[in-house]
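Enquirer: The structure that follows is given in the form of structure tokens.
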Amino acid sequence: MSRKKQSRGACLYCGQEMAKGGMLKHLTVCAARRKTMAEAKGKEIQPLYHLRVQDAWAGDFWLDLEMRGSATLNDLDKYLRAIWLECCGHMSRFSIGGGWGGREIAKKTRADQIFRPGVELTHIYDFGTSSETLIKMVDAREGQPTTSKPIALMARNSMPEAVCIECGQPAAWLCLECMHEGDSPGTLCDLHAQEHPHDNYGEPMPLVNSPRVGMCGYTGPAEPPY
Ligand SMILES: [Zn+2]
Ligand SMILES: [Zn+2]
Ligand SMILES: [Zn+2]
Ligand SMILES: [Zn+2]
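Note that the numbering used here has the sequence shown beginning at 131, numbered continuously upward.
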């Protein structure tokens, strides 16, 4: 059995790409991030939490966020919806101590009321075709936030590599009919997406960088809101 290649991602401060496992360390020493931190001024000094956010099932999708202490879980919910999840305005919840079985945490809760070393929350979006996201506090510092927004995106996974089911070339499209009814990944290159015969779930959709691809009506854009 071949070992799965570790997911890679890029630091948003310096642009460097590296393995997921090296990113936490990198963010503590990144010179570009240090410069941004040193230049932050005019804002209230407060606890700032480094959160490692990842899809509960596919570790290929992950984010490193810095969340200010005064921001609420509602801010985090909005962020996750924008970058990864939003398809049709489903309900969502945060809990601690395991997914559905855990204790629900109100969205008005501030980051500084819930995050402690090692605390892990579960976020569930859509109670039918649910997407589960794990949010772990991995580090914290005291300082001025580096942006005027509640959350700063520090690093993000690179698009997982996918290959065309017809020819093995890099894929950029997804056929939902293959995926849901054909027991196939349904990933297609540009050429084979054009020629693909299925349309029961619509034309092949562009692959985007989100763990919700192929679920409910999700089609992206999977871009950060800020
Ligand atoms: Zn960096
Ligand atoms: Zn939906
Ligand atoms: Zn192809
Ligand atoms: Zn198909």
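All C-beta atoms, glycine included, are put in the ideal place defined by N, C-alpha and C.
Going by other Cβ atoms of all chains shown within 10 Å of its Cβ, with 16 needed for buried, is C218 buried or exposed?
Expert: Position 88 of the sequence shown holds residue 218. Label assigned to C218: exposed.
Enquirer: Mapping DSSP to helix, strand and coil, what is M131?
Expert: Mapped onto the sequence shown, residue 131 falls at position 1. Here M131 scores only 41 on pLDDT, less than 50, and its place in the model is too uncertain to base an answer on.
Enquirer: Where A166 and S260 are concerned, what is the direct C-alpha to C-alpha distance, given to the nearest angstrom?
Expert: Position 36 of the sequence shown holds residue 166. Position 130 of the sequence shown holds residue 260. Before going further, note that residue 166 is Thr rather than Ala in the sequence given. Distance between the alpha carbons of T166 and S260: 36 Å.
Enquirer: Since K266 sits in a beta bridge, which residues does DSSP pair it with?
Expert: Residue numbering aside, residue 266 sits at position 136 when the sequence shown is read from its first letter. BP columns for K266 point to R182 and E250.
Enquirer: Please classify S278 as buried or exposed, where buried requires at least 16 neighbouring CB atoms within 10 angstroms.
Expert: By 1-based counting over the sequence shown, the position of residue 278 is 148. Burial call: exposed.
Enquirer: Label M131 either buried or exposed according to how many other C-beta atoms from any shown protein chain fall within 10 Å of its C-beta, with 16 as the threshold for buried.
Expert: As a position in the sequence shown, residue 131 is number 1, starting the count at 1. With a pLDDT of 41 at M131, under the threshold of 50, the predicted position of this residue should be treated as unreliable, though the coordinate-derived value follows. Counting Cβ neighbours within 10 Å, M131 comes out exposed, since fewer than 16 surround it.
Enquirer: Return the first residue and the last residue of the alpha helix (DSSP H) that E311 is part of.
Expert: Working through the sequence shown from its first residue, we reach residue 311 at position 181. Where E311 is concerned, the enclosing alpha helix (DSSP H) stretches over L306 to E311.
Enquirer: Pairing CB atoms from the region 286-294 with CB atoms from the region 313-322, are three or more of them under 8 Å?
Expert: Yes: the two stretches touch, three or more of their Cβ pairs being nearer than 8 Å.
Enquirer: Using only the heavy atoms of ligand 4, determine whether one of them is closer than 7 Å to the beta carbon of H310.
Expert: Translated into positions along the sequence shown, residue 310 becomes position 180. No, ligand 4 has no heavy atom inside 7 Å of this Cβ.
Enquirer: Which first and last residues belong to the beta strand (DSSP E) in which D194 is found?
Expert: Translated into positions along the sequence shown, residue 194 becomes position 64. Start and end: W192 to R198.
Enquirer: Any heavy atom of ligand 3 closer than 7 Å to the beta-carbon of C305?
Expert: Indexing the sequence shown from 1 puts residue 305 at position 175. It does not: the Cβ of C305 is nowhere closer than 7 Å to a heavy atom of ligand 3.
Enquirer: Using only the heavy atoms of ligand 3, determine whether one of them is closer than 7 Å to the beta carbon of Q324.
Expert: Stepping through the sequence shown from its first residue, residue 324 is reached at position 194. Checking the Cβ of Q324 against ligand 3 gives no.
Enquirer: Quick one, which of L321, P341 and T349 has its alpha-carbon nearest Y331's?
Expert: In the sequence shown, residue 331 corresponds to position 201, counting from 1. Cα-wise, what sits closest to Y331 is T349.
Enquirer: Is the beta carbon of Y179 sitting closer than 8 Å to the one on A140?
Expert: Residue 179 sits at position 49 when you count from the first residue of the sequence shown. Residue 140 sits at position 10 when you count from the first residue of the sequence shown. Cβ atoms of Y179 and A140: not closer than 8 Å.
Enquirer: Going by the CB atoms, is the gap between A270 and P177 shorter than 8 Å?
Expert: The count along the sequence shown starts at 1 and reaches residue 177 at position 47. The count along the sequence shown starts at 1 and reaches residue 270 at position 140. For P177 and A270, yes; Cβs fall inside 8 Å.
Enquirer: Let me know the secondary structure DSSP gives T239 once reduced to three states.
Expert: Translated into the one-based positions of the sequence shown, residue 239 becomes position 109. Correct three-state label for T239: coil.
Enquirer: Can you tell me where the alpha helix (DSSP H) with M153 in it begins and where it stops?
Expert: Along the sequence shown, one-based indexing puts residue 153 at 23. Taken as a continuous stretch (DSSP letters only), the alpha helix (DSSP H) holding M153 covers K150 to V159.
Enquirer: Given the structure, does G316 come close to ligand 4, in the sense that its CB is under 7 Å from one of the ligand's heavy atoms?
Expert: Along the sequence shown, one-based indexing puts residue 316 at 186. Because some heavy atom of ligand 4 lies under 7 Å away, the Cβ of G316 counts as near it: yes.
Enquirer: With three or more C-beta pairs closer than 8 Å as the rule, is the region 336-356 touching the region 247-261?
Expert: Touching, per the Cβ criterion.
Enquirer: Can you tell me whether H253 sits near ligand 2, meaning its C-beta is under 7 Å from at least one heavy atom of the ligand?
Expert: Counting from one through the sequence shown, the residue named residue 253 turns up at place 123. Flag unset: Cβ of H253 not near ligand 2.
Enquirer: Beta strand (DSSP E) containing A282: first to last residue?
Expert: By 1-based counting over the sequence shown, the position of residue 282 is 152. I281 to N287 is the extent of the beta strand (DSSP E) around A282.
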